[in-house]
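In my numbering, the protein residues as written are 113 to 282.
For each residue, glycine too, the CB sits at the ideal point set by N, CA and C.
Here the structure is laid out as structure tokens; the discussion comes afterwards.
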């Protein structure tokens with residue numbers, strides 16, 4: 113017979129607390145790994161931009177447009193009332209801004225699905241008007257006002273209470 117079978121103080125390994133403690137650690141890690149994998153699969157946030165290489169190459173063009181806006185002293189004030197937009201632009205040299213439609217890009221930091229692009233139409237006297245598809249939601253927004261020659265930018269946290277000031281990027 114086995115020598116341990118006669119010893120009353122001997123316990124098999126599966127009755128030892130320390131054995132289960134040692135086995136529990138790797139089991140917990142494996143379960144947590146599968147949980148992390150399932151979260152990663154379910155909450156896929158997709159590609160940020162499908163044309164990321166092209167956007168990377170256009171950075172220098174954007175910097176040139178920012179510099180042009182600085183050179184002509186371009187400043188904008190955007191008033192947001194619900195979905196209604198009113199933009200007032202002023203510049204030292206207004207020849208580059210008069211009479212052309214402008215694009216307003218509203219990009220939500222947290223959710224790409226809330227991003228909007230709006231065409232602002234000129235009404236004269238340095239004013240442009242447009243309408244959002246939906247009011248700016250909660251969260252931080254990066255806003256760009258662009259023409260083919262220049263670009264202004266600003267940030268806001270949701271719908272602003274006071275007019276937003278737009279300046280050339282720094």
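Which of the three DSSP states is assigned to residue i in this structure?
i, result
"residue 202", "strand"
"residue 124", "coil"
"residue 147", "helix"
"residue 221", "coil"
"residue 138", "helix"
Are the beta-carbon atoms belonging to residue i and residue j less than 8 Å from one another?
i, j, result
"residue 239", "residue 182", "no"
"residue 220", "residue 251", "yes"
"residue 249", "residue 226", "yes"
"residue 216", "residue 233", "no"
"residue 258", "residue 214", "yes"
Tell me the rounded alpha-carbon separation between residue i and residue j.
i, j, result
"residue 205", "residue 184", "5 Å"
"residue 207", "residue 147", "60 Å"
"residue 228", "residue 154", "26 Å"
"residue 127", "residue 138", "19 Å"
"residue 202", "residue 253", "23 Å"
"residue 193", "residue 237", "20 Å"
"residue 162", "residue 224", "13 Å"
Leaving out five residues on either side along the sequence, give the residues of the same chain with a beta carbon under 7 Å from the beta carbon of residue i.
i, result
"residue 131", "125"
"residue 275", "189, 190 and 191"
"residue 279", "187 and 264"
Please list, in chain order, all residues of the same chain as residue i whose beta carbon is under 8 Å from its beta carbon, the five residues on each side excluded.
i, result
"residue 243", "195, 196, 197 and 230"
Going by beta carbon distance, what residues of the same chain come within less than 6 Å of residue i, once the five residues before and after it are set aside?
i, result
"residue 255", "218 and 266"
"residue 177", "262 and 263"
At a cut-off of 7 Å, is residue i close to the ligand ZN when judged by its beta-carbon and the heavy atoms of the ligand?
i, result
"residue 231", "What this structure holds is no ligand at all, so the ligand ZN is not there to describe."
### the region 187–199 contacting the region 254–271, beta-carbon criterion three pairs below 8 Å
yes
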